Structures are given as C-alpha cells and as structure tokens.
Amino acid sequence: MTQPQGTAEMGRSADPGPMIDIRNLSLTGTGGVRILDDVSLSFRTGETLGLLGESGSGKSMTALAILGLLPRGVHVESGSITVAGTDVVGASEATLRRLRASTLGMVFQDPTSALDPTMKVGIQITEAGRRNGSLSRSEANAQAVDLLSRVEISDPHERADLYPHQMSGGMRQRAVIAMALAGNPTVILADEPTTALDATVQGKILDLLTTLKDEQGLGLLLISHDLRVLSHVADRVVVMYAGRIVETGPTDQVLSQPQHWYTSALIDSIPSVRSTRRVRPIGGTPASPATRPSGCPFHPRCAAATAICSEKMPDTTVSETPSGPRTLACHHPKGLTDDAHSH
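Just add 28 to wherever you are in the sequence shown, counting from 1, and you've got this note's numbering.
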C-alpha cells in the first residue's frame, strides 16, 4: 500500500532523529534554471546512504548544499537543510565553518582542486587542528602520518613532507580522504571518492570508510555513478535524475527489484550487477536542468512511457517494507507494468 510522500526518507518515529535532514529542497541557478527540484532525504549516524545517478543528476550539488558551499549564482529557492540540528540555509558563515571543521568531512571528486599546491600535504591534513590550537606541531605531524597510513599511503613520514604535485593522482585522492578524517567528523560526504584509484585501492578505501563508519558511528553519504560501489557499501540508495529523486530504498531491494525504469536501465547497463542479462546501454541523452522536459524528466528515454509521462510529473509515493521505506516517482512502476509496456 502506498501513500503520498510527506517527509521523504524520514523513516519511522521510533528511530533516532537524522543527522542530516533535507526537506523539499529546490535550488535555482542563473536564468531561473531549477537545478534541484523538491529533493527530500535524510540519514543517520552509523548509516551509509548512497546517492546514485549519471553526471548532471544533482548528486554533487546536493552535497554542496549540505556544506553551505553553493556555487555563485545558485540559491535555495525553497526547502530546508538541517545538519545536527543546525539550519544550514539560514546559518551564518561562521556557523557553516564550524560545521565543516568538526561535523562534516568532505571528500571532493577532484583531488587537485581540493589541495593547495603551495603547501605540503601533511600540513594541509592537520591545518584546521593547528589553526584552532587543538594540536601542537608534533601532535599535528603525528596525526598526519597516522592518517596517511590509514588511507594506505606507503612511507607516510616521507609523503607527509611532499607537495601535491609530487604525488600521483591516486595518492592525492587518498590524501584528501585523510584530510576529511582529520577533524573527527560525525558525517563524511564522499563525492566519487575512488574515481582516481585503481581497482585494488578502491576496495581498500571503501573498506576503510566503512570501517570508520562502523567503529566511530559516522554517517557516510557516498555519491557515485557506479552501482557496483554502492551495492557493496550502501545501506540505502537514493537514485537521482535531472535534479529530482526518482527512487529510494534499502540498497539490496532497489538493486534487485528496481521499481523506476531509470534505476532498472542503470542496472542493465552494468555487466556485473545483472550478470544473467544482456548489457543494454541507456538510449538517448541524459536530461540536464536546463533541458529538463515536461512531465517525468526520464520519459524521452523510457521504454514504458505513455502520454501522461510527458504531461504530468509523477507524485512521489512511499511504501513500507520490512527493511525500511521505499519511495518512488513513476506513473508506471516497473514490476507492475512490465507486461503492459514491454513492447
């Protein structure tokens, strides 16, 4: 049984309150382009939430909104963002800096832009602690070496004394992950954290993030276009397309029984997720905020689309399962309409 979504992803009343809670968030950019459209999600410490979608789906913009780091020209049109009880949308810059220093740790997709080319890596990792006086120089050096070791950088004493340009791309990304851990955050936001790493190191970094989440009770928001990454580590997954959330739920359920046709198409495009099925690339071109079509934004690429899909945005409904709630925004949910629209 489904019902209209009230506060999406809120979970059950018996659960503890979310560490991050986004409600009905819409972001507008230059020219009035709607970059995020009515996005609602939440997650708690001790949980890994996967944010999945193609390039331009709004995944990274969601993370920047949580951090209070929206690009110039992008503003919150409506909705709210709460981090550890603090209203991010109305917060002062000083409050946002405190959140970013102690509550939120961010791993950006591009390590080159995240590191200062004029400063040694070890100093950058512990810069915040040294600046606020919580670490002496010797303590900062020891912490930098420890963090570099934990992210599998060999010879950490030597590497801490290097500048970013003296490191490989993969090593720079691991240094950025170490920086995110330096402030002992409550939540880590990781935007494609393994993009620059080879397959062996990818697994180690994901294992590291999961271990830290489990041991320290962290919340982990893992942003990825790669279903294989999220299938291994995410407790729940949020699927985004053209700035909207189209489906959410427990990861194993969403990936084994997708209800949105976009989610299903993503799964079918990855060989290792459904090994018994022929790999099928998604046809057409991903919609961007500036080119979002009327109605459901996925309808031009959807095999099950009918007239209503191009005319009306589907409502988001929520259904309860033993593993937790699932939400869906689709006029013709997959599994209920396969036979009617298979041709």
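Even glycine gets a Cβ: it sits at the ideal position worked out from N, Cα and C. Only a predicted model underlies this, so the values are computations on that prediction, with no experimental measurement involved.
Distances from the CA of L217 to each of D226, L225, M207 were compared; the closest alpha carbon is that of M207. Three or more beta-carbon pairs drawn from the segment 263 to 281 and the segment 75 to 84 are found closer than 8 Å, and the two stretches are therefore classed as touching. Assigned with DSSP and collapsed to three states, R165 falls in helix.
Listed in chain order, the beta strand (DSSP E) runs fully inside the segment 121 to 150 are 132 to 135, counting runs of at least 3 residues. Per DSSP, the beta bridge partners of R354 are S347.
The criterion of a C-beta distance shorter than 8 Å is not satisfied by A91 and I295.
Annotation: the continuous alpha helix (DSSP H) that includes L92 extends over 87 to 95. Counting C-beta pairs with one atom in each stretch, the segment 318 to 331 and the segment 281 to 295 have three or more that are closer than 8 Å, which means they touch.
A direct Cα-Cα distance of roughly 30 Å separates E275 from T228. When the Cα atoms are used, G231 and T223 turn out to be separated by approximately 12 Å.
According to the DSSP assignment, V67 belongs to the beta strand (DSSP E) that extends over 62 to 71.
Within 10 angstroms of the beta-carbon of G57 lie 16 or more other beta-carbons, which makes it buried.
Cβ atoms of V135 and V204 come within 8 Å of each other, at about 6 Å. The residue among L79, S83, I94, H360 with its C-alpha nearest the C-alpha of S54 is I94.
Along the segment 270 to 319, the beta strand (DSSP E) occurs as fully enclosed runs of 3 or more residues at 272 to 278, listed in sequence order. CA-to-CA, the gap between D235 and E339 works out to about 44 Å. According to the DSSP assignment, A218 belongs to the beta strand (DSSP E) that extends over 215 to 219. Pairing D183 with R125, the inter-Cα distance amounts to about 32 Å.
Excluding sequence positions up to five before and after H260, its CB lies within less than 7 Å of the CB of L234, all in the same chain and listed in chain order. The continuous alpha helix (DSSP H) containing D235 extends over residues 227 to 244. A residue is called buried when at least 16 other Cβ atoms come within 10 angstroms of its Cβ; E167 does not meet this threshold and is exposed. Of R62, G113, V346, P321, the smallest CA-CA separation from I336 is found for P321. Here E220 is buried. Its C-beta has 16 or more other C-beta atoms within 10 Å.
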